[in-house]
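Okay, structure first, notes after.
Protein chains in written order, with this note's numbering: chain H, 4 to 280; chain G, 31 to 138.
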């Protein structure tokens, strides 16, 4: 083993990462109150011109068939809707965070795909859409930590797995003493994310526990679907495991018509990726 | 004439395309736009879709591929999917069902 990582070392290393976008936590805490969400969003966006600019850019792109150019956040909210602005803020701030963390293009595209697939599963089974989006966007945050702070060792993990296919977490534990799920759990806890999202990050590769939560189950299944659909395309995409327990927790039945579900995931991913480029 | 269905993001929709499924947009629990299956998209309806925050639509179009081209496309999809699932246990009923659902979508 090259590195022995401890929880204390992970916590001590966090200031080296780019600042986590606090607006994500604020939005998730204010989800149940539309007025509060609006106030939180407007206040944060007024203080964060970078994210505000990204929201306006995305809003203008999504209104390309319209005749108006949206000039302010209030106009964006009234034109594209509170829900969409909230999704754009969550996605753009987390994608920007991963870009600042020098993760590769595949990392953020894969995270976005898992987020969209998780969101569509949540819609299908009437679960919280924003939690599902954020869980998908952050499910591999432990990998981002590894690649940012220990790029050489992280690349070795990738090379070792490519040479002889083994469970990724097993190879990571040999290299770091922890896998990306364990590291992600510590990082997400330190950011004050909701417990369900922390569980999704820590358990998406351990989906057979009887007490598995719905969000963790959705994240596990969403990752399998995104890889199966080649979202995004990468020659190495693999589906190795799909937990029967996770399928049961969600209530998904592959024998029912899932064509529309898969189509929504596919088209919405293409749409979101174009908005965020 | 053979028809095929495709799910396309808003950016790739064009006037003249035909909706394969009803398109219903809902915001805050209220239906804000409803277009029936068979609706032919126009510039005006594309503006409506954007104004009501649509992200995608399912359209139907003529499948102009020859039978040989269609078989070749399907074979390519099967090969690709078999590669993605090369280390999966296809004897597991859930993985097998997932595999078949994905393949049916890829072939559509």
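Using N, Cα and C, we set each Cβ at its ideal position, and we do this for glycine too.
List, in chain order, every chain G residue whose beta-carbon is nearer than 8 Å to that of residue i.
{"i": "residue 274 (chain H)", "result": "39, 40, 41, 85, 86"}
{"i": "residue 168 (chain H)", "result": "117"}
{"i": "residue 139 (chain H)", "result": "Within 8 Å Cβ-Cβ: nothing; residue 139 (chain H) doesn't reach chain G, min ~16 Å."}
Quick one: grab the DSSP three-state call for residue i.
{"i": "residue 215 (chain H)", "result": "coil"}
{"i": "residue 62 (chain G)", "result": "strand"}
{"i": "residue 273 (chain H)", "result": "helix"}
{"i": "residue 68 (chain H)", "result": "With a pLDDT of 49 at residue 68 (chain H), under the threshold of 50, the modelled position of that residue is not reliable, and the figure given next carries that caveat. In the structure shown, residue 68 (chain H) sits in coil (DSSP, three-state: anything other than H, G, I, E or B)."}
{"i": "residue 2 (chain H)", "result": "Nothing can be reported for residue 2 (chain H), as the shown portion of chain H is limited to 4 through 280."}
{"i": "residue 38 (chain G)", "result": "strand"}
{"i": "residue 78 (chain G)", "result": "helix"}
{"i": "residue 116 (chain G)", "result": "coil"}
{"i": "residue 31 (chain H)", "result": "helix"}
{"i": "residue 153 (chain H)", "result": "coil"}
{"i": "residue 11 (chain H)", "result": "helix"}
{"i": "residue 107 (chain G)", "result": "helix"}
{"i": "residue 232 (chain H)", "result": "coil"}
{"i": "residue 280 (chain H)", "result": "coil"}
{"i": "residue 70 (chain G)", "result": "strand"}
{"i": "residue 261 (chain H)", "result": "coil"}
{"i": "residue 20 (chain H)", "result": "coil"}
{"i": "residue 33 (chain G)", "result": "strand"}
{"i": "residue 43 (chain G)", "result": "coil"}
{"i": "residue 48 (chain H)", "result": "helix"}
{"i": "residue 171 (chain H)", "result": "helix"}
{"i": "residue 49 (chain G)", "result": "strand"}
Taking only beta-carbon atoms, is residue i less than 8 Å away from chain H?
{"i": "residue 45 (chain G)", "result": "no"}
{"i": "residue 57 (chain G)", "result": "yes"}
{"i": "residue 132 (chain G)", "result": "yes"}
{"i": "residue 32 (chain G)", "result": "no"}
{"i": "residue 138 (chain G)", "result": "yes"}
{"i": "residue 93 (chain G)", "result": "no"}
{"i": "residue 121 (chain G)", "result": "no"}
{"i": "residue 124 (chain G)", "result": "yes"}
Return the first residue and the last residue of the alpha helix (DSSP H) that residue i is part of.
{"i": "residue 202 (chain H)", "result": "198-206"}
{"i": "residue 84 (chain G)", "result": "Run containing residue 84 (chain G): none; DSSP gives neither H nor E here."}
{"i": "residue 248 (chain H)", "result": "247-253"}
{"i": "residue 124 (chain G)", "result": "123-136"}
{"i": "residue 193 (chain H)", "result": "183-193"}
{"i": "residue 139 (chain H)", "result": "132-141"}
Distance cutoff 8 Å, beta carbons only. Does residue i sit that close to anything in chain G?
{"i": "residue 237 (chain H)", "result": "no"}
{"i": "residue 250 (chain H)", "result": "yes"}
{"i": "residue 87 (chain H)", "result": "yes"}
{"i": "residue 241 (chain H)", "result": "yes"}
{"i": "residue 195 (chain H)", "result": "no"}
{"i": "residue 225 (chain H)", "result": "no"}
{"i": "residue 220 (chain H)", "result": "no"}
{"i": "residue 131 (chain H)", "result": "no"}
{"i": "residue 68 (chain H)", "result": "Low per-residue confidence applies at residue 68 (chain H): pLDDT is 49, beneath 50, and the placement is therefore not dependable, though the value from the model is reported in the following sentence. By this cut-off, residue 68 (chain H) is an interface position."}
{"i": "residue 215 (chain H)", "result": "no"}
{"i": "residue 48 (chain H)", "result": "no"}
{"i": "residue 277 (chain H)", "result": "yes"}
{"i": "residue 247 (chain H)", "result": "yes"}
{"i": "residue 163 (chain H)", "result": "no"}
Quick one: give me the first and last residue of the beta strand (DSSP E) that residue i is part of.
{"i": "residue 105 (chain H)", "result": "Residue 105 (chain H) -> no beta strand (DSSP E), and no H or E assigned at all."}
{"i": "residue 55 (chain G)", "result": "53-57"}
Could you name the residues of chain H that residue i contacts, counting a contact when the two beta carbons are closer than 7 Å?
{"i": "residue 63 (chain G)", "result": "In chain order: nothing, as chain H lies at least about 12 Å away."}
Just the chain G side, please: which residues come within less than 9 Å of residue i by C-beta, in chain order?
{"i": "residue 270 (chain H)", "result": "36, 37, 38, 39, 40, 42, 85, 86, 87, 88"}
{"i": "residue 173 (chain H)", "result": "Chain G residues near residue 173 (chain H): none, gap ~14 Å exceeds 9 Å."}
List, in order along the chain, the chain H residues whose C-beta lies closer than 9 Å to that of residue i?
{"i": "residue 49 (chain G)", "result": "By Cβ distance, chain H contributes nothing, its closest Cβ being about 13 Å from residue 49 (chain G), past 9 Å."}
Chain H partners of residue i, CB-CB under 8 Å?
{"i": "residue 127 (chain G)", "result": "257, 258"}
{"i": "residue 96 (chain G)", "result": "The contacting residues do not exist; residue 96 (chain G) stays about 24 Å from chain H at best."}
List the residues of chain G that residue i touches, going by C-beta distances under 7 Å, in chain order.
{"i": "residue 261 (chain H)", "result": "131"}
- Task: Could you run through the stretch 107-118 of chain G and flag, in chain order, every residue whose CB is less than 9 Å away from some CB of chain H?
- Result: Contact residues of the stretch 107-118 of chain G toward chain H are 110, 111, 113, 114, 115, 116, 117, 118 (C-beta to C-beta distance below 9 Å).
- Query: Listed from N- to C-terminal order along the chain, which residues in the stretch 102-123 of chain H have their beta-carbon within a distance smaller than 7 Å of any beta-carbon of chain G?
  - Reply: Answer set for the stretch 102-123 of chain H: empty.
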